[in-house]
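Visitor: Have a look at the structure that comes next, please.
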């Protein structure tokens, strides 16, 4: 019939990836596979290709023009948190030219011990203001890498959104 001819063709099949059970309800992102939940800013969406930016990435989200990005990953480690965090932070030196650590502090995220780094660096012809948080959960560490254009008028707003997303993280989802 006429109606069926106006329907758009089915999108091509995505390559198989391990099932990542996740959902978004309003401003809440929940990942059942990896057991965490966090605030998702209304202006953010999930960005599949940005997951490639971090080994062991679980989810990437951010603004549609990717001027603000947040990538959450999980990896197993035998190292204590401080050593594991230092190892993750070291990788950033390869990602950014002119990488500068601004601060490092011990903190807690979702009730779990964490190390937080603030940094600046240049990548893809942009200066970025970033935050790396490494959270210990059992034998795993979660890595949260969040960054926004440092040269944007919106830097303060976006840094506040990033801080809110990080502080909202909980790791007890089943």
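Numbering (my numbering), first residue to last: 12 to 185.
Each residue gets a CB set at the ideal place from its N, CA and C atoms; glycine is no exception.
Flag this pair as touching only if the segment 70 to 80 and the segment 44 to 60 have three or more C-beta atom pairs under 8 Å; answer yes or no.
Guide: Touching, yes, given that three or more Cβ pairs across the two stretches are closer than 8 Å.
Visitor: Does DSSP put residue 178 in a helix, in a strand, or in coil?
Guide: Looking at residue 178 - three-state DSSP - the assignment turns out to be helix.
Visitor: What number of angstroms, rounded off, separates the C-alpha of residue 116 from the C-alpha of residue 155?
Guide: So the alpha carbons of these two residues sit roughly 15 Å apart.
Visitor: According to DSSP, is residue 33 part of a helix, a strand, or is it coil?
Guide: Residue state, collapsed to three classes: strand.
Visitor: For the structure I just gave you, are there three or more beta carbon pairs, one from the segment 86 to 94 and one from the segment 151 to 165, closer than 8 Å?
Guide: Yes, since at least three Cβ pairs between the segment 86 to 94 and the segment 151 to 165 fall closer than 8 Å, the two stretches touch.
Visitor: For a test of the three-state rule: what should DSSP assign to residue 15, helix, strand or coil?
Guide: Low confidence applies here, because residue 15 scores a pLDDT of 49, under 50, leaving its location unreliable; read the following figure in that light. Helix at residue 15.
Visitor: Provide the residue span of the alpha helix (DSSP H) that contains residue 98, from first to last.
Guide: 92 to 106 is the span of the alpha helix (DSSP H), which, as asked, contains residue 98.
Visitor: CA-CA distance, residue 44 and residue 175?
Guide: Each residue's alpha carbon lies about 23 Å from the other.
Visitor: Count the other C-beta atoms from every protein chain shown that fall within 10 angstroms of the C-beta of residue 35, then say buried if there are 16 or more, exposed otherwise.
Guide: Exposed, because fewer than 16 other Cβ atoms sit within 10 Å of the Cβ of residue 35.
Visitor: Count the other C-beta atoms from every protein chain shown that fall within 10 angstroms of the C-beta of residue 170, then say buried if there are 16 or more, exposed otherwise.
Guide: Flag for residue 170 reads buried.
Visitor: Answer with buried or exposed for residue 90, where buried requires no fewer than 16 other C-beta atoms within 10 angstroms of its C-beta.
Guide: Exposed.
Visitor: Given a threshold of 16 other Cβ atoms within 10 Å of its Cβ, counted over all protein chains shown, does residue 7 qualify as buried or as exposed?
Guide: One cannot answer for residue 7 here, as it falls past the ends of the chain, which runs 12 to 185.
Visitor: Note the first and the last residue of the continuous beta strand (DSSP E) segment covering residue 139.
Guide: Its beta strand (DSSP E) spans residues 137 to 148.
Visitor: From the DSSP output, in three-state form, read off residue 84 for me.
Guide: Looking at residue 84 - three-state DSSP - the assignment turns out to be strand.
Visitor: So, at 7 Å on beta carbons, what are the nonlocal neighbours of residue 113 in its own chain, with the 5 sequence-adjacent residues on each side left out?
Guide: 129, 130 and 131.
Visitor: For residue 109, which of 138, 123, 97 and 173 has the nearest alpha-carbon?
Guide: It is 138.
Visitor: If you follow the beta strand (DSSP E) that residue 156 is part of, which residue opens it and which one closes it?
Guide: It spans 151 to 160 - the beta strand (DSSP E) in which residue 156 sits, taken as one unbroken run.
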